[in-house]
Amino acid sequence: MDLSLLRPLLFRALTLFGVLIAVLVLLAVSLGATGFSDKILQATVGEELRALRTSLTQTIRDPDRLEAALEARRRELLASYGLDQPWYARIPSMVWRVLTLDLGEARNLRSYDGSSRIADIVLERLPNTVLLLTTATVITAVIGILAGVWMSTRVGSRLDRFVAYLAAVSYAVPTWWLGILLVLVLAFELELLPPGGMYSAPPPEGAFARFLDLLWHSVLPVLTLVLASVGPSIYSIRTLTLNIAQEDHVAVARAKGMPEPVVRNRHILRVAAPPIVTGLILGLAGSLGGSILVETIFDWRGMGRLYYDAIAGTPDEGLIVALTFMFTLLYVIARLVLEVLYVWLDPRVRYEGGV
Numbered sequence: 001m002d003l004s005l006l007r008p009l010l011f012r013a014l015t016l017f018g019v020l021i022a023v024l025v026l027l028a029v030s031l032g033a034t035g036f037s038d039k040i041l042q043a044t045v046g047e048e049l050r051a052l053r054t055s056l057t058q059t060i061r062d063p064d065r066l067e068a069a070l071e072a073r074r075r076e077l078l079a080s081y082g083l084d085q086p087w088y089a090r091i092p093s094m095v096w097r098v099l100t101l102d103l104g105e106a107r108n109l110r111s112y113d114g115s116s117r118i119a120d121i122v123l124e125r126l127p128n129t130v131l132l133l134t135t136a137t138v139i140t141a142v143i144g145i146l147a148g149v150w151m152s153t154r155v156g157s158r159l160d161r162f163v164a165y166l167a168a169v170s171y172a173v174p175t176w177w178l179g180i181l182l183v184l185v186l187a188f189e190l191e192l193l194p195p196g197g198m199y200s201a202p203p204p205e206g207a208f209a210r211f212l213d214l215l216w217h218s219v220l221p222v223l224t225l226v227l228a229s230v231g232p233s234i235y236s237i238r239t240l241t242l243n244i245a246q247e248d249h250v251a252v253a254r255a256k257g258m259p260e261p262v263v264r265n266r267h268i269l270r271v272a273a274p275p276i277v278t279g280l281i282l283g284l285a286g287s288l289g290g291s292i293l294v295e296t297i298f299d300w301r302g303m304g305r306l307y308y309d310a311i312a313g314t315p316d317e318g319l320i321v322a323l324t325f326m327f328t329l330l331y332v333i334a335r336l337v338l339e340v341l342y343v344w345l346d347p348r349v350r351y352e353g354g355v
């Protein structure tokens, strides 16, 4: 890659990094300006003081000494959490800690091993989301590309009209409603699949048996996600390839007597590749964020459920900031990957870079 292409890519990378910083700052401002951050930290300080009071009453009998010890500890906690200064003074340190991957510890949530480190909790939940959401995204993309290209050669047929209806229904049906319907039919009525959870009760012994049990429990949520998205995927790719197939360069290629597979691969799919790849890469990046509704319906401990747990009940500020940073970072990385792929997929990008 020459310097004429590297320079605009570097500029885009710096721009996306600026977007990442802006998202973190805006999140910190929204948490601080609304008083949400102070309420969370004050509640955390109150819980620690109540626990300390219970333990100190066993050794300190004098009420004045007890209150003095609690007051001293309260001042220490306020200083450690930054509550002895305005909320905006905590923004630089918060942003810097997140950028250096010093994610800290969660206030309420714990990993299965009992760790309170946010990094441990995220690394524990991320594979579950990859198994569920990323698998569904890949299956949907493969079916969409194969069926969409095939349907573009059969415009106006009964099957083409059926796919159009399927896309409209699939797009309109809420994922949560479809998930509940499949649970009622396939799990409770026909008893073909487990209704939810990640493992059987009790779980099987042995790593391989547990993995197979995990795959068996993932079938129903993956099926829900695929059915809710495969229709629009097929129809959008069908429409895209159909529009490109009607352009002049395709007509010229066919007039030259090129075989139809060559016309489809070189002159249709090659031109359609950038928007298809864009949807696939952004879909994969978005899938790592999880799905709150689907993971809640099927009791699946993934990233979407983790974000819900961080917000609901007693909110966890550190976990909210860390997850927002991670989701934004995934988007930034996906955009950078797309910028590089565009240079290879689209000759016009290469020409503009050379200029």
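If you read the sequence shown in full-length UniProt numbering, its first letter stands for residue 1, the second for the next number, and so on.
Glycine included, each C-beta is placed from N, C-alpha and C at the ideal position.
Note that the coordinates shown come from a computational prediction; the quantities given were computed from them, not determined experimentally.
(message) Tell me the residue span of the alpha helix (DSSP H) that contains Y342.
(response) Residue numbering aside, residue 342 sits at position 342 when the sequence shown is read from its first letter. Element bounds for Y342: E317 to L345.
(message) I'd like the span of the alpha helix (DSSP H) that includes T140, first residue to last.
(response) For the purposes of this step, residue 140 is identified with residue 140 of the sequence shown, where counting begins at 1. Here the alpha helix (DSSP H) through T140 covers T135 to M151.
(message) I'd like the ranges of any alpha helix (DSSP H) spanning at least 4 consecutive residues and lying wholly in the region 79 to 105.
(response) With a minimum length of 4 residues, the unbroken runs of alpha helix (DSSP H) contained wholly in the region 79 to 105 fall at 91 to 99.
(request) Work out the CA separation of L109 and L56 for me, nearest whole Å. (result) Taking the first residue of the sequence shown as position 1, residue 56 is located at position 56. Taking the first residue of the sequence shown as position 1, residue 109 is located at position 109. CA-to-CA, the gap between L56 and L109 works out to about 26 Å.
(message) Closest to L288 by C-alpha separation, out of R50, I297, A164 and Y307, would be which residue?
(response) For the purposes of this step, residue 288 is taken as the residue at position 288 of the sequence shown. Closest by alpha carbon: Y307.
(request) In the DSSP assignment, find the alpha helix (DSSP H) that holds Q42 and state where it starts and stops. (result) For this step, residue 42 is matched to residue 42 along the sequence shown. F36 to L56 is the span of the alpha helix (DSSP H), which, as asked, contains Q42.
(message) Can you find the residues in the same chain that come closer than 7 Å, C-beta to C-beta, to Y351, ignoring five residues on each side of it along the sequence?
(response) Sequence index remark: in the sequence shown, residue 351 carries index 351 (1-based). Summary for Y351: the model assigns pLDDT 42, below 50, so the residue's position carries little reliability, and this model does not support an answer.
(request) Identify the continuous alpha helix (DSSP H) that holds V250 and give its terminal residues. (result) Counting from one through the sequence shown, the residue named residue 250 turns up at place 250. Note, V250: alpha helix (DSSP H), D248 to A255.
(request) Could you name the residues of the same chain whose beta carbon sits closer than 6 Å to that of L83, not counting the 5 residues immediately before and after it, in chain order? (result) Reading the sequence shown from its first residue, position 83 is the one you call residue 83. Only L41 meet the Cβ criterion.
(message) Can you list, in chain order, the residues of its chain with a C-beta nearer than 6 Å to that of L9? Leave out the 5 residues immediately preceding and following it.
(response) On the sequence shown, residue 9 is found 9 positions in, with the first residue counted as 1. Closer than 6 Å at the Cβ level, and outside the excluded window around L9, lie E339.
(message) Let me confirm a value: V355 is counted as buried when at least 16 other C-beta atoms fall within 10 Å, else exposed. Which label applies?
(response) As a position in the sequence shown, residue 355 is number 355, starting the count at 1. For V355, the predicted structure reports a pLDDT of 37, less than 50, and the residue's modelled location is therefore unreliable. A value from the coordinates is still provided. For V355, the number of other beta carbons within 10 angstroms of its own is below 16, and it is reported as exposed.
(request) Below 8 Å on the Cβ atoms is my guess for L103 versus A89; work out the distance and round it to an integer in Å. (result) The residue you call residue 103 lines up with position 103 of the sequence shown. The residue you call residue 89 lines up with position 89 of the sequence shown. Contact check for L103 and A89: beta-carbon distance about 21 Å, past the 8 Å limit, so the pair fails to qualify.
(message) According to DSSP, is G107 part of a helix, a strand, or is it coil?
(response) On the sequence shown, position 107 is the one that residue 107 refers to. What sits at residue 107 in the sequence shown is Arg, not Gly. R107: coil per DSSP, three-state reduction.
(request) On a CA-only basis, which of F11, F17 and V23 is nearest I320? Give me that one, please. (result) Along the sequence shown, one-based indexing puts residue 320 at 320. Checking every option, the nearest Cα to that of I320 belongs to V23.
(request) Consult DSSP for R117 and reduce its assignment to one of helix, strand or coil. (result) Here residue 117 refers to the residue found at position 117 of the sequence shown. Strand at R117.
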